[in-house]
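Student: Here's a structure for you.
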Amino acid sequence: MPRVLAKMGRNLVGALMLGAAALAVTPMASTPARAAGEAIPLPATQFSFEGLFGTFDRASLQRGFQVYKEVCSACHGMRQLFYRNLLEIGLTEAQVRNIAAQFEVQDGPNDLGEMFERPARISDHFRRPFPNDQAARAANNGALPPDLSVIVKARAGGADYIHALLTGYTDPPEGFTLMDGMNYNKYFPGHQIAMPNVLNPGQVEYADGTEATVDQMARDVTTFLAWAAEPELEQRRQMGVKIILFLIVMGGLTYAVKRRIWADVKH
Amino acid sequence: MAIGLHQSDFKNPVVRWIDSRMPIFTMMQKEYGTFPTPRNFNYFWNFGALAMINLMIMIATGIFLSMHYTAHTSMAFDSVERIMRDVNFGWLLRYVHMNGASMFFIVVYIHIWRGLWYGSYKAPRELLWILGVVIFLLMMATAFMGYVLPWGQMSFWGATVITNLFSAIPIVGENIVIWLWGGFSVDNPTLSRFFSLHYLLPFVIVGVVFLHVAALHITGSNNPLGIDPKGPQDTIPFHPYYTIKDSVGMVVYFIVFAFLVFFAPNYLGHPDNYIPANPLVTPAHIVPEWYFLPFYAILRAVPDKLGGVVLMFASIAILFILPWLDTSSVRSMRFRPVAKWFLVLWGLNFAVLMWVGAKPAEGHYVTIARFATAYYFLYFLVILPLLGRLERPLSLPESIAKPVLRGGGPLPAGAAAKPMEKA
Amino acid sequence: MAEAMAPHPAPHGEAGDTRRDFLKLTAGAFAAVGVGAIAWPFIDSMNPARDVLALSSTEADLAPVAVGQAITVSWRGKPVFIKRRTEEEIRAARAVPLSELRDPQTDQSRVIRDPWLVVIGVCTHLGCIPLGQKPTDPHGDFGGWFCPCHGSHYDTSGRIRLGPAPANLAVPEYAFTSDTQIRIG
């Protein structure tokens, strides 16, 4: 074993493997903790943005925004987003201006020292459904609807979990005591969730004619939320491919130079 | 020493002018150019240079991130998200900084492992090793405070738990914790001071790294055989041999780093840190960053608050006296047929501690953590001191050049003719 | 091998080994490109961020501004003076021969609609904010604005008439989106 280790150290592959091994050990160490306590297996959903080279399906993003706007936004804010961000999901500037103008946001104080309402501009944040957390709790039976800006990054299981949650409402199994005002969900830790099932077939009417099944709406809104959490994802992966290819060529060149330089040293 | 201009050997008039007044070029030439370095390094010897590069990357990205970050409880989380969304290449700077911390610990753990395996801590390199442990401690403090800055749930609760460790100190503990916090809980004063210190400490690390390198260049490097170079035939100049060999390792390191940053930036993080800090709700499982897990496991292995804290700090403090605990005069584990197996076991044990540190502190996990903690200390306190006396090491090679030249024939004349300035 | 045996000061001084030189050159060029590419994200991160750029235009409501009054709106961190000028002020601005001006510009070239003067309220001398927006302010010798820092006088067209400033108050890019609203930037 030590001889093997020493040999590994002597060649490049060894160093690479060590790095990889260190990386491999760590998630093994930390992943179980995330799900510890109650690991509910999630059904894996296929999304356009998965894998090393996935991108966001623009049509799905736009449908997902529609679901967010017409359903989720009644309770959930997305305070990190601006209306101008919607340009990135393929909407035109005129469309985004129109969307923004549908919302009244507070501005001010004006010259009289008063706050006033005005239609939102594209440089404004998404309007929040409640002025503060206390108001949100008061309106929701004590439960706080979380902000959805980075929800996909903030939940173990990511997009799979969000999609599973939205499609996971069922009747509680026999013998399960549901507390007052709570709802049963297969995938929520503890199974009791304050959020009721909000997606019913045909809940929204898609402009592109896509049938608004529960799964379709959940998939679209999850895609939208994944984009909202990681709007840099596509640029990041494109850049990553180029940089890693560059580094591989660079590595080959450097190794060749190293061999040349070391050619006259016996070792 | 005579006072007057330094006798510079450089031809370029500008370089020569500077060098005769401040011989910085002569110094660089001596320390990184012709510096005689054992000829038999393997790729484990890349990791010191990699750690240096990593430190530079962290400082550079950190400085630019701090131009956009706001150290206030009400704005910290949002300012990080603004960096991710609106600042040009902000996501890149942040992901490099975030994953750079993990890369730094991977590199430094391998660097420490190399020191353990080849006995780099032994005389005459004890002080070099101690300075390394100081750097490691400073890194841990810096990483911990940096993790608090995004002000997510793990930031907040990690800060709460770790600062509370100090409350275990008898009598003054509570007061120390309040002093650390600047209040009665982790809050805005805590965040601002952590930011201040997180910015300061890396520069302290740079200073200690300088001392670490200075000490290294007095004793010279250790090598895989653990025997001292006996003459010029055993060494080669640092440049170009090891500058190019370090460059190879550097590119490989960048590939691993780039893969993390561009394709799995949150893989080593915890989802809860994307939930803004909430002082009223504790996450179900508080887990430190992966690189702290072994020490976290030791902390939790002890059923006594003070005892756990003491043992955790002792697990690092023990490294300071390691040069005197290891009584064997043989450095490299290649020639220690018994000790090497105990060290391999120690390495696996460290991995076990890392794994169990992420598990809830209950049931079998506690038992495993206790055995692993016991072995961690047993290795340093009992096994190493005893083995130095009981173990019969293999016979050491005569010189570095001997086993290197197959057949052990006479040295080629050219090898000795290389420019070697024996320090 | 002969090369390794030859005693020479640099480990590589042998001429004619062009393949190695080419290799080194290519690797060096790659490294230089890499370092250059690394520098750009750092530099660019200091350029205006997207949220800053999104606020690079602002809208101003002109409806409440009476004749002779002025309002100040903030645009890109700077004050923009919007003045609804009186007939006399317009006439005064247009009566001045260009030869008398330090920075010759006609009043017509500085406005889109005659009564509305829109200028950036930053003195072209050293960046102070001139006085003259409020009726009680000093307006300088030419009935426009007066910079208290070093005594520059601007006329009713915002042109420099007296004092150290070299140029007229700048006119920002703006457009009327309706009769009572303009978008600046």
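Chains as they are written, first to last, in our numbering: chain A, 80 to 346; chain B, 1255 to 1677; chain C, 66 to 250. Don't be surprised by glycine CBs; every beta carbon is placed ideally from N, CA and C.
1. Examine chain A for any beta-carbon lying closer than 7 Å to the beta-carbon of Lys148 (chain C), and answer yes or no.
2. Quick one: is Ala342 (chain A) buried, meaning 16 or more other Cβ sit within 10 Å of its Cβ, or exposed?
3. Sort B:Phe1289, B:Arg1275 and B:Pro1267 by Cα distance to Ile1472 (chain B) and report the nearest one.
4. Would you report the Cα separation of Thr137 (chain C) and Leu196 (chain C), rounded to the nearest angstrom?
5. Using DSSP's beta-bridge definition, name the partner residues of Ile1540 (chain B).
6. Identify which residue in B:Leu1522, B:Ile1540, B:Leu1445 and B:Thr1396 has its Cα closest to the Cα of Met1312 (chain B).
7. Just grab the DSSP bridge partners of His218 (chain C) for me.
8. Output yes if chain A places a C-beta closer than 7 Å to the C-beta of Thr151 (chain C); else output no.
9. Applying a beta-carbon distance threshold of less than 7 Å, which residues of chain C neighbour Val1341 (chain B)?
10. Under 8 Å Cβ-Cβ, which residues of chain F neighbour Val229 (chain A)?
11. Alpha carbon to alpha carbon, how far is Leu1597 (chain B) from Arg1588 (chain B)? Give it in angstroms, no decimals.
12. In terms of alpha-carbon separation, which member of B:Ala1568, B:Trp1544 and B:Ala1605 lies closest to Leu1635 (chain B)?
13. May I ask which residues mark the beginning and end of the beta strand (DSSP E) holding Thr249 (chain A)?
14. Taking the Cβ atom as the reference point for each residue, do Thr246 (chain A) and Val277 (chain A) lie within a distance shorter than 7 Å?
15. Among A:Lys345, A:Arg338, A:Arg339 and A:Gly331, which one has its Cα closest to the Cα of Phe95 (chain C)?
16. Which residues mark the beginning and the end of the alpha helix (DSSP H) in which Thr1273 (chain B) is found?
17. Which of helix, strand or coil does DSSP assign to Glu1323 (chain B)?
18. Arg1405 (chain B) lies in the beta strand (DSSP E); which residues open and close that run?
19. Do you know how far the Cα of Met1566 (chain B) is from the Cα of Val1620 (chain B)?
20. Less than 7 Å between C-beta atoms, sequence neighbours within five positions excluded: which residues of the same chain meet that for Asn1527 (chain B)?
21. Compute the beta-carbon to beta-carbon distance between Leu223 (chain C) and Thr123 (chain C), rounded to the nearest angstrom, for a pair I have assumed lies under 8 Å.
22. Classify Ala92 (chain C): buried if its beta carbon has 16 or more other beta carbons within 10 angstroms, exposed otherwise.
23. Does any CB atom of chain B fall closer than 7 Å to the CB of Val336 (chain A)?
24. According to DSSP, simplified to helix, strand and coil, what is Phe1517 (chain B)?
25. Can the beta-carbon of Ile241 (chain A) be found closer than 7 Å to that of Thr301 (chain A)?
26. Is the region 1472–1488 of chain B touching the region 1287–1303 of chain B, taking contact as three or more C-beta pairs under 8 Å?
27. Comparing the C-beta of Phe1549 (chain B) with each C-beta of chain C, is any distance below 7 Å?
28. Nearest-angstrom Cα distance between Asp168 (chain C) and Leu234 (chain C)?
29. Return helix, strand or coil for Pro106 (chain A), following the three-state DSSP convention.
30. Beta-carbon within less than 7 Å of Met1399 (chain B)'s beta-carbon, same chain only, minus the 5 sequence neighbours each way: which residues are those?
31. Please list the residues of the region 313–326 of chain A that have a C-beta atom closer than 7 Å to any C-beta atom in chain B, keeping them in chain order.
32. Under 8 Å Cβ to Cβ from Leu304 (chain A), same chain only, skipping five residues before and after it: list those, please.
33. Can you pull the chain A residues whose beta carbon is under 9 Å from the beta carbon of Phe211 (chain C), in chain order?
34. Please confirm whether Pro1542 (chain B) has its beta-carbon closer than 7 Å to some beta-carbon of chain A.
35. Could you check the C-alpha separation between Ile1430 (chain B) and Leu1419 (chain B) for me, to the nearest Å?
36. If you follow the alpha helix (DSSP H) that Glu172 (chain A) is in, where does it begin and where does it stop?
Tutor: Short version:
1. Closer than 7 Å: no.
2. So Ala342 (chain A) counts as exposed.
3. Checking every option, the nearest Cα to that of Ile1472 (chain B) belongs to B:Phe1289.
4. Distance between the alpha carbons of Thr137 (chain C) and Leu196 (chain C): 11 Å.
5. Residue pairing of Ile1540 (chain B) in beta bridges, as defined by DSSP: absent, with no partner found.
6. Comparing Cα positions, the closest option is B:Thr1396.
7. Paired residues: C:Phe211 and C:Leu227.
8. Not an interface residue.
9. Within chain C, the residues placing a beta-carbon under 7 Å from that of Val1341 (chain B) are Ser110 and Ala114, ordered along the chain.
10. No chain F appears in this structure, whose protein chains are A, B and C.
11. The alpha-carbon atoms of Arg1588 (chain B) and Leu1597 (chain B) are separated by roughly 12 Å.
12. Residue B:Ala1568 is the option with its Cα nearest to Leu1635 (chain B).
13. Thr249 (chain A) -> no beta strand (DSSP E), and no H or E assigned at all.
14. Pairing Thr246 (chain A) with Val277 (chain A) gives a Cβ-Cβ distance that is not under 7 Å.
15. Looking at the Cα atoms, A:Gly331 is the closest of the given residues.
16. The sequence given here places Asp at residue 1273 (chain B); Thr does not occur at that position. It spans Pro1267 to Arg1275 - the alpha helix (DSSP H) in which Asp1273 (chain B) sits, taken as one unbroken run.
17. The amino acid at residue 1323 (chain B) is misidentified as Glu; the sequence shows Tyr. In the structure shown, Tyr1323 (chain B) falls within a coil segment according to DSSP collapsed to helix, strand and coil.
18. The sequence shown places Trp at residue 1405 (chain B), not Arg. Taken as a continuous stretch (DSSP letters only), Trp1405 (chain B) belongs to no beta strand (DSSP E), as it is neither H nor E.
19. Roughly 15 Å between the two C-alpha positions.
20. Apart from sequence neighbours up to five positions away, the residues of its chain that approach Asn1527 (chain B) with a beta-carbon distance below 7 Å are Pro1404, Gly1406, Gln1407, Met1408 and Ser1409, ordered along the chain.
21. One point to set straight first is that residue 223 (chain C) is Gly, not Leu, in the sequence displayed. The pair is not a contact, with the Cβ atoms about 19 Å apart (cut-off 8 Å).
22. Its Cβ being crowded by 16 or more others within 10 Å, Ala92 (chain C) is buried.
23. The Cβ of Val336 (chain A) sits closer than 7 Å to at least one Cβ of chain B.
24. Reduced to three states, the DSSP call for Phe1517 (chain B) is helix.
25. With contacts defined as CB atoms closer than 7 Å, Ile241 (chain A) and Thr301 (chain A) qualify as a contacting pair.
26. Counting Cβ pairs under 8 Å, three or more are found: they touch.
27. It does not; no Cβ of chain C falls within 7 Å.
28. For the pair Asp168 (chain C) and Leu234 (chain C), the Cα-to-Cα distance works out to about 10 Å.
29. For Pro106 (chain A), the predicted model reports a pLDDT of 45, less than 50, meaning its position is unreliable; a value from the coordinates is still stated below. Pro106 (chain A): helix per DSSP, three-state reduction.
30. Excluding residues within five positions, the ones whose Cβ falls inside 7 Å are Phe1448, Leu1451 and His1452.
31. Answer in chain order: Arg315, Arg316, Met318, Gly319, Ile322, Ile323 and Leu326.
32. Excluding residues within five positions, the ones whose Cβ falls inside 8 Å are Gly143, Tyr147, Leu227, Ile230, Val231, Ala238 and Ile241.
33. Within 9 Å Cβ-Cβ: nothing; Phe211 (chain C) doesn't reach chain A, min ~23 Å.
34. Chain A places no beta carbon closer than 7 Å to that of Pro1542 (chain B), leaving this residue out of the contacts.
35. CA-CA distance, Ile1430 (chain B) to Leu1419 (chain B), rounds to 10 Å.
36. Glu172 (chain A) -> alpha helix (DSSP H) spans Glu172 to Ala180.
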